[in-house]
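**Student:** Residue numbers (full-length UniProt numbering), protein chains in the order written: chain A, 1 to 354; chain B, 1 to 354.
This is the structure I have questions about; it appears just below.
There are 2 protein chains.
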Amino acid sequence: MWLNGKEISLSGGRFQSCLREIRRRARDFEDEKKGIKIKKEDWEKLHVHIASYNNFPTAAGLASSAAGFACLVFTLGKLMNVKEDYGELSSIARQGSGSACRSIYGGFVKWCMGKKDDGSDSIAVQLADEAHWKDLVIIIAVVSSKQKETSSTSGMRDSVETSPLLQYRAQTVVPSRVLKMEEAIKNHDFESFAKLTCADSNQFHAVCLDTSPPIFYMNDTSHRIISLVEKWNHSEGCPQVAYTFDAGPNAVLIARDRKTAALLLQKLLYYFPPHGKDLSSYLVGDKSILSDAGLHSIEDVEALPAPPEMKIHDQKFKGDVSYFICSRLGAGPKVVTDESQALLNSITGLPKGA
Amino acid sequence: MWLNGKEISLSGGRFQSCLREIRRRARDFEDEKKGIKIKKEDWEKLHVHIASYNNFPTAAGLASSAAGFACLVFTLGKLMNVKEDYGELSSIARQGSGSACRSIYGGFVKWCMGKKDDGSDSIAVQLADEAHWKDLVIIIAVVSSKQKETSSTSGMRDSVETSPLLQYRAQTVVPSRVLKMEEAIKNHDFESFAKLTCADSNQFHAVCLDTSPPIFYMNDTSHRIISLVEKWNHSEGCPQVAYTFDAGPNAVLIARDRKTAALLLQKLLYYFPPHGKDLSSYLVGDKSILSDAGLHSIEDVEALPAPPEMKIHDQKFKGDVSYFICSRLGAGPKVVTDESQALLNSITGLPKGA
Numbered sequence: 001m002w003l004n005g006k007e008i009s010l011s012g013g014r015f016q017s018c019l020r021e022i023r024r025r026a027r028d029f030e031d032e033k034k035g036i037k038i039k040k041e042d043w044e045k046l047h048v049h050i051a052s053y054n055n056f057p058t059a060a061g062l063a064s065s066a067a068g069f070a071c072l073v074f075t076l077g078k079l080m081n082v083k084e085d086y087g088e089l090s091s092i093a094r095q096g097s098g099s100a101c102r103s104i105y106g107g108f109v110k111w112c113m114g115k116k117d118d119g120s121d122s123i124a125v126q127l128a129d130e131a132h133w134k135d136l137v138i139i140i141a142v143v144s145s146k147q148k149e150t151s152s153t154s155g156m157r158d159s160v161e162t163s164p165l166l167q168y169r170a171q172t173v174v175p176s177r178v179l180k181m182e183e184a185i186k187n188h189d190f191e192s193f194a195k196l197t198c199a200d201s202n203q204f205h206a207v208c209l210d211t212s213p214p215i216f217y218m219n220d221t222s223h224r225i226i227s228l229v230e231k232w233n234h235s236e237g238c239p240q241v242a243y244t245f246d247a248g249p250n251a252v253l254i255a256r257d258r259k260t261a262a263l264l265l266q267k268l269l270y271y272f273p274p275h276g277k278d279l280s281s282y283l284v285g286d287k288s289i290l291s292d293a294g295l296h297s298i299e300d301v302e303a304l305p306a307p308p309e310m311k312i313h314d315q316k317f318k319g320d321v322s323y324f325i326c327s328r329l330g331a332g333p334k335v336v337t338d339e340s341q342a343l344l345n346s347i348t349g350l351p352k353g354a
Numbered sequence: 001m002w003l004n005g006k007e008i009s010l011s012g013g014r015f016q017s018c019l020r021e022i023r024r025r026a027r028d029f030e031d032e033k034k035g036i037k038i039k040k041e042d043w044e045k046l047h048v049h050i051a052s053y054n055n056f057p058t059a060a061g062l063a064s065s066a067a068g069f070a071c072l073v074f075t076l077g078k079l080m081n082v083k084e085d086y087g088e089l090s091s092i093a094r095q096g097s098g099s100a101c102r103s104i105y106g107g108f109v110k111w112c113m114g115k116k117d118d119g120s121d122s123i124a125v126q127l128a129d130e131a132h133w134k135d136l137v138i139i140i141a142v143v144s145s146k147q148k149e150t151s152s153t154s155g156m157r158d159s160v161e162t163s164p165l166l167q168y169r170a171q172t173v174v175p176s177r178v179l180k181m182e183e184a185i186k187n188h189d190f191e192s193f194a195k196l197t198c199a200d201s202n203q204f205h206a207v208c209l210d211t212s213p214p215i216f217y218m219n220d221t222s223h224r225i226i227s228l229v230e231k232w233n234h235s236e237g238c239p240q241v242a243y244t245f246d247a248g249p250n251a252v253l254i255a256r257d258r259k260t261a262a263l264l265l266q267k268l269l270y271y272f273p274p275h276g277k278d279l280s281s282y283l284v285g286d287k288s289i290l291s292d293a294g295l296h297s298i299e300d301v302e303a304l305p306a307p308p309e310m311k312i313h314d315q316k317f318k319g320d321v322s323y324f325i326c327s328r329l330g331a332g333p334k335v336v337t338d339e340s341q342a343l344l345n346s347i348t349g350l351p352k353g354a
C-alpha cells in the first residue's frame, strides 16, 4: 500500500483486522468486459496493490484515519464483491479507527454505542444525507500539522481508565444530547445544532483534561478561535457559527449559511492573516468563498476592519494557522469510474508517476 | 485605601460587605500607653486610612484577592478590637473573596462547604499549621501578569449555572477527595498528596472548559509545565512534584523536599530561561534555592542539560514565564509591631513616601 505516494506497512493490528474481515466476506467476482473472473476461494492467493491519497493532514486530529479506513474498507469490499451491507462495512471500518464507522456514509451520521460485549452492534447509521441541509458551510482552521503527542485511540483509552467525569458524561450527558441533536438536524434548527455542537466539543476536551496524565488537544490558537466565535455569536443574539475540535488543535467551524461563512472568514483572516504573500494557497477546498468575502488579494486582508464585538483588537496572530479549508457536507466513499483518476497505473500496478 | 501605593475605591459590594460586618462587631478599644480610647459607638464616626502592599501579581489568578481580603478583615478586626473568633473572621473574609476565608490561617486549611442557606457556616478550618510538613517547597511560575479575562468569581458563577459536569464533581468527586487529602496531609504522604492535587486541579479546569461559554485559565505555557512535571514524575516511578493552577495560567508547583525543588528549578529554567541577563530578579522569594540548584549566573542556566525524561529538547520558551517565586508554607496574617514596617506615616496618615 502507498499512502500519499509513500509505501507503508499493513502489518499493524488495525489494518490486519480490516483485511481479515473483508477477506472473510469475499465472493466470486466477474467482469465480463475485461474478461476477469476471480473465484471466492482464489482471493486468499492474490496480492492487492492499494494506493491512497488523503488531502487532510495525517494524524493532526482531523479524522484523517477515519476517512482513510472507511475508504479502504469500502474499496476492498467493492473489489472483492462483498455484499453491500453498509452496517457491516461500518463495523469493519470501526476496527481500523473507531470513527471510521461513520465515514462509510455521507451527510449526518450517528455512531450507535451498541450493547453486545463483542462490539459487533457498535455501528453507524445515516441520519440524513448530504443534501438534507445544504445551507451549512464548513471552514476548518488547520492550526498545526505537527504529529500530535497523544493518538486519539490511546487518549480515549486513558480517559476511560482514569477520568472520573467520563462515565457521568457517557451515561448521563451524551444520550440526551444525541436525541436533541437528531431533532435539531431533522428540523434544520441551527441554534440547537450549534449549542449542542459547541457544548459537546468543550465537554469532550474537559474529559481529556480530567484524564491522568491530562491530555491537551487544544492550544492557545484553538482558544482564540473559540473566543472569537463565542463573542460573535453572543453579539448577534443567536449562534451564527458552531465550533468543534477533534483530537487536535484544529478548529472545525460550521457556519449557518454561505453569507455567514464569508463574514466568518473575514474575522478569521483579520486575526490570522497568511504568513506569506499568497492568499490563494492559504485557503484550500472551495476557494470561491474568498470572493464572497471580498478578499481578492493580500491587501484586501490587510484592509479588513477589526471585528467590532472583540475587546482586544491590537494583537494579530500571523503564522498560528497553517491554512484554512472551506468545504460543505460531503458524500461517503464512492467508486470513481474514470480510469484517468486512478492512482495506480493499470499496466505496472505501481503508483502513477512513481 | 491605597493598594500598592495607588488609591483605590472601597465602594464595591465585596469591600462594603466586609467593612459592614467588621464594623458590626467593633468593640471598645484602649491603648493606655498611647492614650487612645475609642468607644464602640464611636467607630461609626471615624474614618480609617488603609495601606496595603501585595507582592503577588493582582488579578492574575494567584489568589491575590484572597490574601488581600484576609489581611484586610484580620487587620480591621484587630484595630476595632473584634473578638478573636477565626471562624467568624473567616466567614467575613469569604464575603470579600471566596477563598479569602482560608487565608485567615496559615498552613493547611480546609474550606467547609456548610449547610445553611445564608452561607454563614461556610467557613474555613485549619487542618495543620505551617510547621506540620516542613519539607515541602513551593515554586510558582508566574506565566503572565496580564489581567485575566474572566474573574474567578464570575467564572465560578457561570460554571455553576452552565456546566453539566460541575454538580457531579461537587457532589460525588470532591467530598471523597477532601477526605483522602486530609489523610495524606496528616501522614505526610506525598504520593497521595501529589496525585490528589494534580487530579483536582485538572478537574477544576475541566469544569471551566465545560462551562458555556468555556473558560480557559491555562495556556500553552501552563500545559508545557504540566507535561514537564508529569513526565518527570512518571520517569521517577513516584511523584516528585505536585502542580496546581488556580484561576489563571500560573503554575503552583509543590516539591516533596528542597533537593527536589532545586532539580525542578533546573528543569524549569532549561525550558524557560530568563529573558534578560539578570538571573537574580527572575526568581523572587527564597533566592537561596538558586545556589542549591548550582545556578549562580546566566551562564550556569545556559549550560543546563536537557531533562532526559523529555522527548522534545530542541525548543526553549524564553519569555513565556515572567518570573518564578520560591516559597514555603506560610503563616496566616499577623500583627507587625515594628512601626518602621508600617506602610502609613503615623503623623500624616498618608502612605510613606507619597
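All C-beta atoms in this analysis are idealised placements derived from N, C-alpha and C, irrespective of residue type, glycine included.
If A100 of chain A and F56 of chain A are in contact, beta carbons under 8 Å, what's the gap, nearest whole angstrom?
**Tutor:** With a Cβ gap of about 13 Å, A100 of chain A and F56 of chain A do not count as contacting.
**Student:** Please identify, using Cβ separations under 7 Å, the residues of the region 252 to 272 of chain B that lie next to chain A, in order along the chain.
**Tutor:** Against chain A - using a Cβ distance shorter than 7 Å - the region 252 to 272 of chain B contributes no residues.
**Student:** Can you tell which of A:Q203, A:A128, A:S192 has the C-alpha that lies nearest to the C-alpha of A170 of chain A?
**Tutor:** A:Q203
**Student:** Find the nearest neighbour of K180 of chain A within the set A:S64, A:K110, A:R14, judged by alpha-carbon distance.
**Tutor:** Of the candidates A:S64, A:K110, A:R14, the residue whose Cα lies closest to the Cα of K180 of chain A is A:K110.
**Student:** Given a cut-off of 8 Å, decide if I225 of chain A and A251 of chain A are closer than it, judged by their beta-carbon atoms.
**Tutor:** yes
**Student:** Under 8 Å Cβ to Cβ from I215 of chain A, same chain only, skipping five residues before and after it: list those, please.
**Tutor:** T150, G155, D158, S159, C208, L209.
**Student:** Report back the beta-carbon spacing between F272 of chain A and V321 of chain A to the nearest angstrom; my notes put them in contact at under 8 Å.
**Tutor:** Contact holds; Cβ gap of about 4 Å.
**Student:** Just to confirm, is the Cβ distance from residue 355 of chain B to C18 of chain B under 8 Å?
**Tutor:** The question about residue 355 of chain B has no answer, for chain B in this structure spans 1 to 354.
**Student:** So, under 8 Å CB-CB, A26 of chain A and V82 of chain A are touching, yes? Tell me the CB distance rounded to an integer number of Å.
**Tutor:** Yes, A26 of chain A and V82 of chain A are in contact; Cβ-Cβ is about 6 Å, under 8 Å.
**Student:** Enumerated in chain order, which unbroken segments of the beta strand (DSSP E) with a length of 3 residues or greater are wholly contained in the region 70 to 121 of chain A?
**Tutor:** 108 to 111
**Student:** Report the three-state DSSP secondary structure of D135 of chain B (helix, strand or coil).
**Tutor:** In this structure, DSSP gives D135 of chain B a state outside helix and strand, which the three-state scheme calls coil.
**Student:** At 3 residues or longer, and completely inside the region 23 to 49 of chain A: list those beta strand (DSSP E) runs for me, N to C.
**Tutor:** 29 to 31, 36 to 38
**Student:** Between the region 151 to 166 of chain A and chain B, which residues of the former have a C-beta closer than 7 Å to a C-beta of the latter?
**Tutor:** P164, L165
**Student:** Who does Y243 of chain A pair with in a DSSP beta bridge?
**Tutor:** A:L253
**Student:** Only counting the same chain, and skipping five residues up and downstream in sequence, which positions put a Cβ closer than 7 Å to that of H49 of chain A?
**Tutor:** L344, G349
**Student:** Nearest-angstrom Cα distance between K37 of chain B and D31 of chain B?
**Tutor:** 6 Å
**Student:** Quick check: what's the CA-CA separation for P351 of chain B versus S291 of chain B?
**Tutor:** As the crow flies, the alpha-carbon of P351 of chain B is around 36 Å from that of S291 of chain B.
**Student:** For the alpha helix (DSSP H) that residue 371 of chain A lies in, which residues bound it at each end?
**Tutor:** The question about residue 371 of chain A has no answer, for chain A in this structure spans 1 to 354.
**Student:** Give the range of the alpha helix (DSSP H) segment to which I226 of chain B is assigned.
**Tutor:** 220 to 236
**Student:** What would DSSP say about P164 of chain A, mapped onto helix, strand or coil?
**Tutor:** helix
**Student:** Can you pull the chain A neighbours of V174 of chain B, defined as C-beta to C-beta under 7 Å?
**Tutor:** Ordered by position in chain A, no residue passes the 7 Å Cβ test against V174 of chain B, which lies about 10 Å from the chain.
**Student:** Alpha carbon to alpha carbon, how far is A93 of chain A from H188 of chain A?
**Tutor:** 29 Å
**Student:** Would you give the residue range spanned by the alpha helix (DSSP H) that V207 of chain A belongs to?
**Tutor:** 190 to 209
**Student:** Is the beta carbon of I254 of chain A closer than 8 Å to that of L279 of chain A?
**Tutor:** Not closer than 8 Å, so no.
**Student:** On the DSSP bridge assignment, give the partners of residue 380 of chain A in chain order.
**Tutor:** The requested residue 380 of chain A is not part of the displayed model; chain A covers only 1 to 354.
**Student:** Starting from F190 of chain B, find everything on chain A with Cβ-Cβ shorter than 7 Å and list it in chain order.
**Tutor:** Those do not exist, as F190 of chain B stays about 17 Å from chain A at its closest Cβ, beyond 7 Å.
**Student:** Given S90 of chain B, which residues of its chain have a CB within under 7 Å of its CB, disregarding the five upstream and five downstream residues?
**Tutor:** Around S90 of chain B: C101, I104, I123, A124.
**Student:** Counting along the chain, where does the beta strand (DSSP E) carrying V125 of chain B start and finish?
**Tutor:** 124 to 128
**Student:** Closest to S65 of chain A by CA distance: which of A:R258, A:L79, A:A247 is it?
**Tutor:** A:A247
**Student:** Any Cβ of chain B within less than 8 Å of the Cβ of R64 of chain A?
**Tutor:** The residue you asked about is not Arg; residue 64 of chain A is Ser in the sequence shown. S64 of chain A does not count as touching chain B.
**Student:** For L290 of chain B, report the span of its alpha helix (DSSP H) as first-last.
**Tutor:** 288 to 292
**Student:** DSSP on I325 of chain A, reduced to helix/strand/coil?
**Tutor:** DSSP, reduced to helix, strand and coil, places I325 of chain A within a strand of the structure shown.
**Student:** Rounded to whole angstroms, what's the CA-CA distance from Y168 of chain B to K115 of chain B? Just pull it up for me.
**Tutor:** 18 Å
**Student:** Closer than 7 Å by beta-carbon distance: list the chain B residues that pair up with V241 of chain A, in chain order.
**Tutor:** The contacting residues do not exist; V241 of chain A stays about 13 Å from chain B at best.
**Student:** Between the Cα of L264 of chain B and the Cα atoms of B:T211, B:D28, B:E309, which residue gives the shortest distance?
**Tutor:** B:E309
**Student:** Looking only at DSSP bridge pairs, what is S52 of chain B linked to?
**Tutor:** B:L3
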